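Residue numbers (the working numbering), protein chains in the order written: chain A, 1117 to 1227; chain B, 184 to 298.
All C-beta atoms, glycine included, are put in the ideal place defined by N, C-alpha and C.
Just so it is clear, the structure is predicted and the values come from calculations on it, not from any experiment.
Comments concern the structure below.
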Amino acid sequence: GEDVEQSLFLSVREGDSSVINCTYTDSSSTYLYWYKQEPGAGLQLLTYIFSNMDMKQDQRLTVLLNKKDKHLSLRIADTQTGDSAIYFCASGEGGSYIPTFGRGTSLIVHP
Amino acid sequence: GAGVSQSPSNKVTEKGKDVELRCDPISGHTALYWYRQSLGQGLEFLIYFQGNSAPDKSGLPSDRFSAERTGGSVSTLTIQRTQQEDSAVYLCASSTTRQGHQPQHFGDGTRLSIL
Chain A
1117 GEDVEQSLFL SVREGDSSVI NCTYTDSSST YLYWYKQEPG AGLQLLTYIF
1167 SNMDMKQDQR LTVLLNKKDK HLSLRIADTQ TGDSAIYFCA SGEGGSYIPT
1217 FGRGTSLIVH P
Chain B
184 GAGVSQSPSN KVTEKGKDVE LRCDPISGHT ALYWYRQSLG QGLEFLIYFQ
234 GNSAPDKSGL PSDRFSAERT GGSVSTLTIQ RTQQEDSAVY LCASSTTRQG
284 HQPQHFGDGT RLSIL
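In structure tokens form, the structure reads like this:
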């Protein structure tokens, strides 16, 4: 089945850019998602990208998709302490109703 | 309400007891999912509902776990004869029905602790 991999931790300084990476195995993945989970809360959908796109920008967030390498990244510009959270990558395949989630990347932002 | 609602938010119970966890999805969302998140772990898929039926319950860990959904709305996850390894956060999510594109809306979860 589909496998989605993420590094577990990322530490950045406040004001720097953060880049969280994700790789997936299913070349038929059609939709790719980024979710944010703050302590004690559920997952919140941040953004998503369709497989026919290379890039999507939404304010401080930039998503890049390299379909050939099956690599997805989330860049957060001017990272703030409020961005500290766990970020999950997920992929959805065209014929499925159930997305596959990565294990999440803990982003720690320090002053 | 506007979002997915789960209750209780916290549940502490003794080993061997049964527990019921409730999920109230966003109105009109026909798809409903249950996940389990253990400390430091990612999301473990448990079961998926489309309306009142469960086309995929492959993630339920054992026959102590069951779930139902009524009226195409509220869902209940039941764990019988709880064990300490059942301690986790149980998350519910809902989405509109569409193959492939399933942006999910999550509740804040039920934090279950088995003593």
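When secondary structure is reduced to three states using DSSP, Gln263(B) falls in the coil class, being assigned neither helix nor strand.
Proximity of the region 1170–1177 of chain A to the region 187–205 of chain B falls short of the contact definition, fewer than three beta-carbon pairs being nearer than 8 Å. When C-alpha distances from Leu1159(A) are compared across Phe1166(A), Thr1146(A) and Ala1201(A), the shortest belongs to Ala1201(A). C-alpha of His1187(A) to C-alpha of Gly1211(A): approximately 21 Å in a straight line. At a beta-carbon threshold of 8 Å, the residues of chain B lying near Pro1215(A) are Gln285 and Gln287, ordered along the chain. The beta-bridge partner set that DSSP reports for Ala250(B) consists of Leu260(B). For the 8 Å CB-CB criterion, Leu229(B) and Arg219(B) form a contact. Residues of chain A whose Cβ lies closer than 7 Å to the Cβ of Gly292(B) are, in chain order, Gly1158. When DSSP assignments are scanned along the region 1119–1147 of chain A, the uninterrupted stretches of beta strand (DSSP E) that are 3 or more residues long and fall wholly within it turn out to be 1120–1122, 1125–1129 and 1134–1140. Chain-order list of chain B residues neighbouring Tyr1164(A): Pro286, by C-beta distance under 7 Å.
For Pro208(B), the number of other beta carbons within 10 angstroms of its own is at least 16, and it is reported as buried.
When DSSP states are grouped into helix, strand and coil, Gly1198(A) belongs to the helix group.
In the DSSP annotation of this structure, the continuous segment of the beta strand (DSSP E) that includes Ile1165(A) starts and ends at Leu1159 to Phe1166. Here Glu1154(A) carries a coil assignment [DSSP, helix/strand/coil].
Per DSSP, Glu203(B) is one residue of the beta strand (DSSP E) stretching across Val202 to Asp207.
Residue environment analysis places His1226(A) among the exposed positions, since fewer than 16 neighbouring C-beta atoms fall within 10 angstroms of its C-beta. Contact check for Gln285(B) against Gly1208(A) passes: the beta carbons are separated by less than 8 Å. Taking the CA atoms as reference points, Leu226(B) sits about 14 Å from Glu1154(A). A check of alpha carbon separations from Val1128(A) across Ile1192(A), Gly1156(A), Cys1205(A) and Leu1148(A) identifies Ile1192(A) as the nearest.
In the three-state DSSP reduction, Glu197(B) falls in the coil class, being neither helix nor strand.
Under the 8 Å criterion on CB atoms, Leu1190(A) is classed as non-interfacial with respect to chain B.
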